[in-house]
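Undergrad:
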Amino acid sequence: MKKHVTIILLLWLCQLPIFAQNKITGKVSSPDGLALPGVNIQISGSTQGTATDAEGKYILNAPSDATLVFSFIGYISQMIKVDNRSVIDVTLDPESKNLNEVVITALGIKKEAKTLGYATATVNADQISTNRSPNVMSSLQGKMAGVNISTLSTGPAGTAKIRIRGQSSFSGQNSPLIVINGVPIDNSNFAGGGDYGARSANNSDGGDGLSSINPDDIESMTVLKGATAAALYGSRAKDGVVMITTKSRGTGKGLGLDYNMNFTTDTPLDFTDFQYEYGQGEGGVRPTSENPTSGVWSFGEKFQPGMKQILFDNEEYPYEPVYNRVRKFYNVGTNLTNTITVSNNGVNGGFSMSLANTDNKGIVPNSKFNRKTVNIGFSQNISKRLTASGNINYSKEKNTNPPQLDAQDFATPTVLFTLANSMPFEALEKNQTHPNGDEFVFSRFLVRNNLYYSVNKHFENITRDRLFGNVALKYEFTNWLYLQLRVAQDFYVRNQDYNIPNGYAPIAKAPTGFVNGSYTQDVRRNTERNLDFILGGNHTFGNIGVDVTLGGNQRYARMDYNSVTVQDFIQPGLYTVMNGRVKNPLYSLSEKKINSLYGAATISYKEFLYLNVTARNDWFSTLAPQNRSILYPSVTGSFIFSQAFSALPAWLSFGKLRAAYAQVGSDNVQPYSNALYYSVDNNLFPNPSGQLVPVGGINTSLVPNKNLRPLRVKEVEGGIELKLFNNAIGFDFTYYHKTTDDQILAAQISDASSYTNQLINVGRSKNQGIEFLLTGAPVNTKSFRWDVSFNASYNTSKVIKLGLSDKDTVITVGGGGGRTLNEVVGKPIGQLYTFTYLRDAQGRQVFDKNSGLPMRNNTLKNVGNALPKYFGGITNTFTYKGITLSALIDFKLGYKMIAGRNINYMRHGLSKRTLPGRAEGYVIGNGVNPDGEINKTKSAVQPFYESINPLGINEDFVSNAGFWKLRQLTLSYDFGKLLPQDWFIQGLRLSAVANNVLIIKKWTENMDPEEVLNSSDNAAGLDFWPGLPPTRSLGFNLSLRF
Amino acid sequence: MIFKTLNSKNMKTKTLYILTILLVANLFSACDNDFDEINTNKVDPTSLAPTFVMNKAIISTTYLDGVSTLGMLCYNFGIVQQVITPYGSSLSGGNYNQFNNANTPLVWVNFYRNVIKQIVAVVEQTKDDPLQKNTYNAARIWKAYAFMILTDTYGDIPYFEAGQGYINELIRPKYDAQEAIYKDILKELDEASAALDLSQAAVTTDILYGGNVAKWKKLGYSLMLRAGMRLSKVDETTAKNYVTKAVAGGLFESNADNSVIRHTAIWNNYIANHLAAREKTNFYLAAPFVNYLKENNDPRLPVFAVRYVGAKGGPEQTGARASSDPKVQIGMPMGYNDVTINSVLAQNGVVSLWDFTQINLTTVLKLDAPEFHVTYAENQLLLAEAAFRGWVTGEPAAYYAKGIRANLEQMALYDASATIKEDAILAYLAAHPLTAGKELDLINTQYWVATFLDGSECFANFRRSGFPALKKNPYPGSEIKEDFIRRMPYPDGEIIVNLQNVNDAIARQGANDLNTRVWWDKK
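Chains as they are written, first to last, in my numbering: chain B, 1 to 1042; chain Z, 10001 to 10523.
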């Protein structure tokens, strides 16, 4: 490839001037007199041209009757006749920001927003870095129409779930593609999951790919929402693209130095409303000896002044409520980020280099995160025609004891939110282990272990060294034709280790001579490599402009995974793999390749009519040979009617209509899904004569599919954009309709098939919705300005076809404990189901005749849709003499969840629902027995409220999952004007910020509806274990420019 | 020269095109050239020697993790009143005679997902290979055994279409009537046992018998005896027919023939593992079992039992308090929960619920304690009953004595310290003749003791024989209609994904609850 470039270079170096012409010189400047370097000057109707130098000066030979076209991105182009002049100085006016915004589109190609036939949304650096929430993505919550973001409240290293225009396929991958500087990166998430006892005894939120990015390095973030926007990114862009551009050169002239400091605190919030009338104990009895180790049951006695309890440490404590559990255990977390950016900008290029350090102390004791990043971006003109550019990002992340979630054992929220309501925290803190190192058990429920023990004895370290970036060479053959070659790689090594401590009570004692416990050491090496070329050309024929791009991409992804788990140790307290008694090594390798060819053409007419056509062909290594190749097209159009018709009223500053149609194909499946694989167990088993012999078998519970086809998305969208009254009011409206066919799904199947799921190409669903953005400045005086930005989205979906035949109308994609998430023909994606109480024909609840316990209706009931129908946000910004106050209110509405954690709150006696019957000592359920007689059977209190857990009856906890929140408040002051003109500090801005300020309205019991535990689409709306409490962050941001 | 030639604009354009084409060709010479290789898993094989897979099936037949054993701990052991927990919620089951959807599906899940999956693959791989004839027939025997446990637990189940999610893409298998299943199991055992070929070389990598074909044959016929006897209430003719056939085929001749899994310090006995740790303080030997053993001076009591005398809480269940002395053993009475039990502590002679007798973790539930699938003792006790019924020749009392002796001798296989001395065996045998008029009771009560910790078999034989004559668990919150739980309901997962077939089974068999009797469990 290098050879080819050299030849091309040589060719062009040998070119001789063909014409002899008049020499013209001049200077190009902006209205405020600043020189504009890099302005493109072209002789109209020819390929000849030049560009201005660092002083804005140029020299050009041109015929005396020629017309020169001066163009520069962000400025209004001018056409000037030479008219025999030899000096032509030009002043270019900047384009009004709103009108001619430049958008970075697929493959990193910059385009003027007005030419696009589809909806995009952009946020700039300030919106991301000034008021930041712990997680980069969550700072975008509520700011972009059609973009729905949720996080696990696990801090800056946590996982964010992003859905654009709703969830399109039933399961699998619905996340947008993350593209940094034009090249996709790996965004695999390592959020926990798995049961106790398995290798995945670790249930931490290990974060995702985005956590390697320092918000201060982001220059802009653009979301390409539809399939059309993403047509050129192919398969992984079926759910849109989040395009992040990091800084690659300075913004001002010459050398620049920026410093940014951000400090925030995260305060955990408590949304529980538990009963504090009856205290710790079981069966109505309070603990009076060290032994009934109730610990996590609040079915004790009614609190009376002066009552005492004897707890597990055999000490006497007052028998009284212990309030405020969240703040008693969780800390106020802190985040401090310091970023220094050095940049340069000159006529032949520039660079930007930043160094950043983030220190986070999590709300969970002993949980912390450090990230150091170096980001280097550069762009350099090697010769007049050849430009080299690149971006390299190196990050070193160290995540110490990331929060454990979604499980029992070491997950602190599970224990904290079930802890008896009269359990003094000092007793737990004081008594973590016995002198011999064994866990000090405080409850007979062993896997509700002492919180302090969990955070002090269980450890986990995750480090990630990651280098990603790309280098590109761009050669301009002429002013209208270029070739770009780019190599990009995202490589990281992720090390992870964690233990189950020696002496942990829920695991068996080790054989003589060993101590129990386990230790796991994992290494993942991940490579994603993209090679691509783009050949681009454009030409203007009179009023018609043509812009053609051809390209190809090869993507190769590989993940190597090495893991060793050892069990039981020789030397206590030494957690190494060598020290283990039983060793279980594991290695896996996953490889995947996608080759693509694509082309795009834009035809414009008089700068008001644009037509864009693309085609892309992908070949997927993961699919069946006969189905590997898929070709998909897109067509978009944009019509700027405000420019086309001169007779429009003056108040209409800008008006554009747009329409688009696109298809995307995707494999959406893991490698090796085409065959059934076996594995050999690590450990041999003795035959009767003691000879150790191998054991092995089929190692999957998923039925593979040899004939998988790519899924296809077809999307139509249309929209209108208006700017009124000299841009005082902006209006943007989009309608879209998206069909997803041939989805690849791991449908749940009968266990009696010996498998739990089957991979099938199944069904069709459609998503449609509208997105709406209204911006305006209701007040705009010289000293005071009020800006409003309101975005809202409505998304609805429908499952049209499922399964392989028409008889298949329901599939289950996830669930457990009587809660399932199903896809149902004719209904929106994501239907929640649960078991309900048995009722008779008159609707009366039925109770068992002998036990008096509630009975179950054995048919699952549909209780609603788990995905939000409406979401959006309103930002009000007030500016008064350099002081800016901004407030964001956001909302998600029109969906349900099963707040299943309340079953645990019932079972542990904390829910206020467990109060009836306590005074009497029994409950008589209000209803009938199976014979239709009024129920008179007394049931003991505790068993009555415990009974719904084993029965999986969740109907009491089905809730509206919607909310209104005051998400962000920002107060900032720009000290820029106060600074002396020639001082070494040129800019200074200080902001005070608050995030997740207030829930204005919610419907869920004992929780924030946004507290999700799992980023999987297969668990949407299904809640069981409590998550980490959400946090409110407060802080400030200082930005200095030298 | 070259430069000059290339200098013409046309030529340049052409060269450019050629270069571009070359470039494209370089990258995409064949767009899916190496894709077959890329999409091949280079770590995991697509097949394995069938005997290794069969080993996996055999290991999986007892449970692979602690939580999965809760089906046995909470239901089977409790229903037959050998082991119970006073605790409810996630541990409720046989102790309260209540439905608990977390524990009722565990047999189903373990057997279909782990055992049937692997054993079906073995049968599939070996069926047409004459050199694998013995592995094939051994696999058929094991498959028959696994399905017996499944159908005994749930009644009508997917049988003919089961385990074929991959092979035939049968993802919602239909349910077969238990009668048809048992007929096929008997046929399979008959064919497979007969087809085992003693002249073929032994496959020594077999963990069960080390490739000893003669022992596999005996296992086949021993299972046939078990399956035949299972039909004693519902179809005497078939029962008698197969019992006779089994005897003719050749049964176990000593404890050396037992089908047993020899757990190791790595491959644990997971009932032991679970009771040694997570559920350590939660399960107790039930009074009916302890009292029976005590009243009969049973030398097996100290092997089965331990009491942490005077323990007032879980942490006090220490080695220092441990006693297996038969005299101090106190079983936990049936019918109480963790609160109500406190009202009967004194009258039982204990200081707390933690003071009741538990299962001995140094013998029958050492972490590496063996688990028995089919034993010589069980064979002999079944033969005693068959002889009593006149289906086989021989003295019932002789079989009975041999069965008891075999089981007493079997204790030594748990741990050398559990060995029952010859004089104790003789004394016990002398004190326990097969008294006329009480044969079925005595035989099946001995079977009850002999199948301690083999929950599936113990529960099945209790339902078939009606012995021992246990009293109804008096727990006041019982949800069942008869005196005992008769069956496990189908898992919720089946209601969710295989509803039509479940409904067909319910229409044939009866309500999907704990009351419905399976076909062979005729009232």
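Note that the Cβ used here is the ideal one computed from N, Cα and C, for glycine as well.
(1) Please compile the residues from chain Z whose C-beta is within a distance smaller than 7 Å of the C-beta of arginine 1032 of chain B.
(2) Should tryptophan 10520 of chain Z be labelled buried (16 or more other beta-carbon atoms within 10 Å of its own) or exposed?
(3) Just to confirm before moving on: does the CB-CB distance between lysine 801 of chain B and valine 824 of chain B stay below 8 Å?
(4) Going by the beta-carbon positions, is the gap between asparagine 705 of chain B and serine 673 of chain B smaller than 8 Å?
(5) Among B:Arg907, B:Gly894, B:Leu853, B:Thr884, which residue has its Cα nearest to the Cα of valine 923 of chain B?
(6) By how many angstroms is the C-alpha of lysine 965 of chain B removed from the C-alpha of threonine 1004 of chain B?
(7) Classify tryptophan 983 of chain B as buried or exposed, calling it buried when 16 or more other Cβ atoms lie within 10 Å of its own Cβ.
(8) Counting only C-beta atoms, is glycine 10220 of chain Z closer than 8 Å to chain B at any point?
(9) Below 7 Å between beta carbons is the criterion; list the residues of the stretch 10296-10317 of chain Z that meet it against any residue of chain B, in chain order.
(10) Isoleucine 934 of chain B: buried (16+ other C-beta within 10 angstroms of its C-beta) or exposed?
(11) Going by DSSP, what residue range makes up the alpha helix (DSSP H) through glutamine 1055 of chain B?
(12) Can you tell which of B:Thr400, B:Ile874, B:Pro413 has its C-alpha closest to the C-alpha of valine 326 of chain B?
(13) Report back the beta-carbon spacing between isoleucine 948 of chain B and isoleucine 903 of chain B to the nearest angstrom; my notes put them in contact at under 8 Å.
(14) Could you check if glutamate 397 of chain B is buried or exposed, using at least 16 other CB atoms within 10 Å of its CB as the buried criterion?
(15) When you compare each of Z:Glu10385, Z:Trp10354, Z:Leu10499, Z:Ala10427 to threonine 10445 of chain Z by their alpha carbons, which one comes out closest?
(16) Do lysine 1002 of chain B and phenylalanine 957 of chain B count as a contact pair if the criterion is CB distance below 8 Å?
(17) Let's test the definition: count the other Cβ atoms within 10 Å of the Cβ of serine 200 of chain B and tell me whether it reaches 16, buried, or not, exposed.
(18) With a cut-off of 8 Å, does the C-beta of leucine 10367 of chain Z fall near any C-beta of chain B?
(19) Within 8 Å, do at least three Cβ pairs link the stretch 343-363 of chain B to the stretch 375-385 of chain B?
(20) Just to check my reading of the structure: arginine 10487 of chain Z and glycine 10155 of chain Z have Cβ atoms closer than 8 Å, yes? What is that Cβ distance to the nearest angstrom?
(21) Going by alpha carbons, who is nearest to asparagine 421 of chain B out of B:Phe491, B:Gly300, B:Gly503?
(22) Histidine 737 of chain B and lysine 766 of chain B look like a contact to me (Cβ under 8 Å); what is the Cβ gap, rounded to whole Å?
(23) Count Cβ pairs between the stretch 726-743 of chain B and the stretch 691-701 of chain B that sit closer than 8 Å; are there 3 or more?
(24) Less than 6 Å between C-beta atoms, sequence neighbours within five positions excluded: which residues of the same chain meet that for glycine 10055 of chain Z?
(25) Ignore the nearest five residues each way along the sequence and tell me which others in tyrosine 196 of chain B's own chain have a CB closer than 8 Å to its CB.
(26) Pull up the DSSP beta-bridge partners for phenylalanine 425 of chain B, would you.
(27) Counting beta carbon pairs with one atom in the stretch 10311-10331 of chain Z and one in the stretch 10101-10119 of chain Z, are three or more of them shorter than 8 Å?
(28) For the alpha helix (DSSP H) containing glycine 696 of chain B, name the first residue and the last one.
(29) Taking the alpha helix (DSSP H) that leucine 451 of chain B falls in, what are its first and last residues?
(30) From the DSSP output, read off the bridge partner residues of arginine 494 of chain B.
(31) List the residues of chain D that alanine 615 of chain B touches, going by C-beta distances under 9 Å, in chain order.
(32) In this structure, does DSSP put valine 87 of chain B in helix, strand or coil?
(33) Are the CB atoms of glycine 665 of chain B and leucine 597 of chain B nearer to each other than 8 Å?
(34) Pick from Z:Gln10081, Z:Lys10217, Z:Phe10289, Z:Val10328: whose alpha carbon is nearest that of tyrosine 10308 of chain Z?
(35) Establish whether the CB of proline 10045 of chain Z and some CB of chain B are separated by less than 8 Å.
(36) Could you tell me which chain Z residues have their CB closer than 7 Å to the CB of proline 950 of chain B, listed as they occur along the chain?
TA: Taking the geometry as given:
(1) Near arginine 1032 of chain B there are no residues of chain Z at all, since even the closest Cβ is about 35 Å away, more than 7 Å.
(2) buried
(3) no
(4) yes
(5) B:Leu853
(6) Computed Cα separation, rounded: 14 Å.
(7) exposed
(8) no
(9) Lys10312, Gly10313, Gly10314, Pro10315
(10) exposed
(11) Here chain B has residues from 1 to 1042 only, and residue 1055 of chain B is not among them.
(12) The shortest Cα separation from valine 326 of chain B among B:Thr400, B:Ile874, B:Pro413 belongs to B:Pro413.
(13) So it is a contact: roughly 6 Å between Cβ atoms.
(14) buried
(15) Z:Glu10385
(16) no
(17) Its pLDDT being 46, under 50, serine 200 of chain B is placed unreliably in this model, and the coordinates cannot settle the point.
(18) It does: the Cβ of leucine 10367 of chain Z has a partner Cβ on chain B nearer than 8 Å.
(19) Taking 8 Å as the limit for Cβ pairs, the verdict is that the stretch 343-363 of chain B does touch the stretch 375-385 of chain B.
(20) 6 Å
(21) B:Gly300
(22) 7 Å
(23) No contact exists between the stretch 726-743 of chain B and the stretch 691-701 of chain B.
(24) Note on identity: in this sequence residue 10055 of chain Z is asparagine, with glycine being the wrong assignment. Ile10207, listed in sequence order.
(25) Residue placement at tyrosine 196 of chain B is flagged as unreliable, the pLDDT there being 34, under the threshold of 50; a coordinate-derived value is accordingly withheld.
(26) None, per the DSSP bridge assignment.
(27) no
(28) No alpha helix (DSSP H) holds glycine 696 of chain B; the beta strand (DSSP E) holding it covers 696-698.
(29) Taken as a continuous stretch (DSSP letters only), the alpha helix (DSSP H) holding leucine 451 of chain B covers 451-457.
(30) B:Arg464, B:Arg524
(31) Within the model displayed, chain D is absent; protein chains B and Z are what it includes.
(32) Residue state, collapsed to three classes: strand.
(33) No, they are not a contact pair.
(34) Tyrosine 10308 of chain Z has its Cα closest to that of Z:Val10328, out of Z:Gln10081, Z:Lys10217, Z:Phe10289, Z:Val10328.
(35) A Cβ of chain B is located within less than 8 Å of the beta carbon of proline 10045 of chain Z.
(36) Ser10089, Ser10090, Ser10092, Asn10100, Asn10101, Ala10102
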